[in-house]
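Residue numbers for the sequence shown follow this note's numbering, so the first one is 6 and each next one is one higher.
Yeah, the Cβ is synthetic: ideal placement off N, Cα and C, and Gly gets one too.
Worksheet for the structure shown next.
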Amino acid sequence: MPSPDTPDAAAVPDGALPLRDALGRPLRDLRVSITDRCNFRCTYCMPRERFAANDAFLPRSSLLSFEEIRRLASAFVRHGVRKIRLTGGEPLLRKDVERLVAMLAELRTPGGQPVELSLTTNGSLLARKAVALKAAGLQRVTVSLDALDDAVFRRMNDVDFPVAEVLRGIEAAQRAGLAPVKVNTVVQRGVNEAQVPAIVKHFRGTGVVPRFIESMDVGGAQWHRDQVVPSAELLQRLQQAHVLVPVAPAHRGETARRWMHADGCGEIGFISSVTQAFCGDCSRARLSADGQMYLCLFGRRGVDLRGPVRDGTTDAGLSERIAAAWQQRADRYSELRGTAAAARLIPIRPVAMHYIGG
Ligand code: SAM
Ligand code: SF4
Ligand code: SF4
């Protein structure tokens, strides 16, 4: 968790006062889901029994076009967003994604700075796309990788996709300069927890940063708290084989707690959304593939931005809509998880992760 004396990125002068929500949190990050479709059926995200039929997905016409995404992203940047992450579904499935990256790379903050542009992918198409993405202006990628063991990996993606191809994608991203490449592993008790030491060993000394995520109650799959492997437990296990020292957060709102190999051979991170919620510094807004703004991963419903974009609303009108939504934001679901208040917040079926982006 960031310490109280961590520099507040919101305080950095760059020409605009960031918007603050009802709990005083600035708007700094935007995650954009550019498709709700995916070529994987990860059991914790898009279980195949719920995501078999085509009608489980948005029709093409309801997706935001690249021009619409750029227009909205630009409105968010005027309100203080400094980092944009493309996600999904699987963002590399969206045709000509490089063209969107190039369009977003042209955005400038009111102070004239480019925004940080990154992308989260399952890595299946990364070996083919890494060079083009870098050339278009992408800075970094995060690759999801739940196991190194091929059989476990194929079981978890549930489409029999080989792990070797994702590892090739990670290497291609590194060679292309999309660095530092981060690797996200969602750890589930009894499913892939035994993979964690192998993942740490594999990436030690490579510059790739593995991060272990507590599995969350989002999206399409059944979730039980006993599936969660607490980060503290993982850390303790890893410390039996590695000397790890904590790294201070680089900025407020950092989701991962970072640790470094004491011999300088790299870093690992823990994203403890369940056992150590970090809502207090959450500066993330999300834009779904069909243009709904979500204020929290566990948001009940989105604020429609596609309608106004298509109705010819002016830039000022769009800005007002975004500002009004953010200023009312009091979401902090992970801090409330397990309480009666949280139970009231979550609709019967939570919004799926692939729809608003992880
Ligand atoms: N398809 C891309 C991928 O897998 O990287 C991007 C979208 S995916 C929804 C984004 C991230 O959300 C992935 O790292 C994935 O592992 C994570 N995720 C999905 N469901 C999750 C869950 N139930 N708990 C924690 N993380 C989850
Ligand atoms: Fe697809 Fe990513 Fe969800 Fe897996 S986690 S099903 S790769 S969107
Ligand atoms: Fe942010 Fe909501 Fe996650 Fe809390 S639960 S960290 S407010 S997205």
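Residue burial classification, residue i (beta-carbon count within 10 angstroms, cutoff 16)
{"i": "residue 287", "result": "buried"}
{"i": "residue 245", "result": "exposed"}
{"i": "residue 233", "result": "buried"}
{"i": "residue 270", "result": "exposed"}
{"i": "residue 115", "result": "exposed"}
{"i": "residue 48", "result": "buried"}
{"i": "residue 195", "result": "exposed"}
{"i": "residue 101", "result": "exposed"}
{"i": "residue 164", "result": "exposed"}
{"i": "residue 152", "result": "buried"}
{"i": "residue 241", "result": "exposed"}
CB of residue i within 8 Å of CB of residue j, strictly
{"i": "residue 186", "j": "residue 136", "result": "no"}
{"i": "residue 214", "j": "residue 273", "result": "yes"}
{"i": "residue 127", "j": "residue 56", "result": "no"}
{"i": "residue 155", "j": "residue 167", "result": "yes"}
{"i": "residue 303", "j": "residue 191", "result": "no"}
{"i": "residue 132", "j": "residue 181", "result": "no"}
{"i": "residue 262", "j": "residue 277", "result": "yes"}
{"i": "residue 28", "j": "residue 335", "result": "yes"}
{"i": "residue 78", "j": "residue 112", "result": "yes"}
{"i": "residue 139", "j": "residue 109", "result": "no"}
{"i": "residue 331", "j": "residue 26", "result": "yes"}
{"i": "residue 143", "j": "residue 201", "result": "no"}
CA-to-CA distance, residue j to residue i, given in whole angstroms
{"i": "residue 80", "j": "residue 323", "result": "7 Å"}
{"i": "residue 243", "j": "residue 198", "result": "12 Å"}
{"i": "residue 157", "j": "residue 24", "result": "44 Å"}
{"i": "residue 130", "j": "residue 333", "result": "39 Å"}
{"i": "residue 40", "j": "residue 60", "result": "14 Å"}
{"i": "residue 319", "j": "residue 70", "result": "18 Å"}
{"i": "residue 300", "j": "residue 329", "result": "12 Å"}
{"i": "residue 104", "j": "residue 58", "result": "29 Å"}
{"i": "residue 295", "j": "residue 67", "result": "5 Å"}
{"i": "residue 311", "j": "residue 72", "result": "12 Å"}
{"i": "residue 50", "j": "residue 268", "result": "36 Å"}
{"i": "residue 84", "j": "residue 63", "result": "28 Å"}
{"i": "residue 266", "j": "residue 65", "result": "46 Å"}
{"i": "residue 317", "j": "residue 171", "result": "42 Å"}
{"i": "residue 371", "j": "residue 117", "result": "Nothing can be reported for residue 371: it is not among the residues displayed for the chain, which extend from 6 to 363."}
{"i": "residue 211", "j": "residue 173", "result": "14 Å"}
{"i": "residue 120", "j": "residue 260", "result": "19 Å"}
{"i": "residue 161", "j": "residue 179", "result": "25 Å"}
{"i": "residue 289", "j": "residue 221", "result": "17 Å"}
{"i": "residue 74", "j": "residue 99", "result": "13 Å"}
Cut-off 8 Å between Cβ atoms - residues of its own chain near residue i, not counting five sequence neighbours on either side
{"i": "residue 188", "result": "147, 148, 149, 150, 175, 204, 208, 213, 214, 215, 216"}
{"i": "residue 236", "result": "217, 219, 262, 275, 276, 277, 280, 281"}
{"i": "residue 169", "result": "155"}
Sequence-distant residues of its chain with Cβ nearer than 7 Å to residue i (five each side left out)
{"i": "residue 293", "result": "38, 299, 307, 360, 361"}
{"i": "residue 344", "result": "none"}
{"i": "residue 313", "result": "322, 323, 326"}
{"i": "residue 231", "result": "194"}
{"i": "residue 5", "result": "Limits of the chain in this structure are 6 at one end and 363 at the other, which puts residue 5 out of reach."}
Own chain partners of residue i with C-beta closer than 6 Å, once the 5 adjacent residues on each side are dropped
{"i": "residue 141", "result": "103, 106, 107"}
{"i": "residue 15", "result": "Below a pLDDT of 50, predicted positions are generally treated as unreliable, and residue 15, at 44, falls in that range; no measurement from the model is reported."}
- Message: So, does the stretch 233-250 touch the stretch 293-307, judging by three or more C-beta pairs under 8 Å?
- Response: no
- Report yes or no: do three or more beta-carbon pairs, one from the stretch 25-40 and one from the stretch 84-91, lie closer than 8 Å? yes
- Message: For the stretch 331-346 against the stretch 94-108, do three or more pairs of beta-carbon atoms, one drawn from each stretch, fall closer than 8 Å, so that the two count as touching?
- Response: no
- Query: Around ligand 5, what residues have a beta-carbon under 7 Å from a heavy atom of it, in chain order?
  - Reply: Among the ligands in the structure shown, ligand 5 does not appear; only ligand 1, ligand 2 and ligand 3 can be found there.
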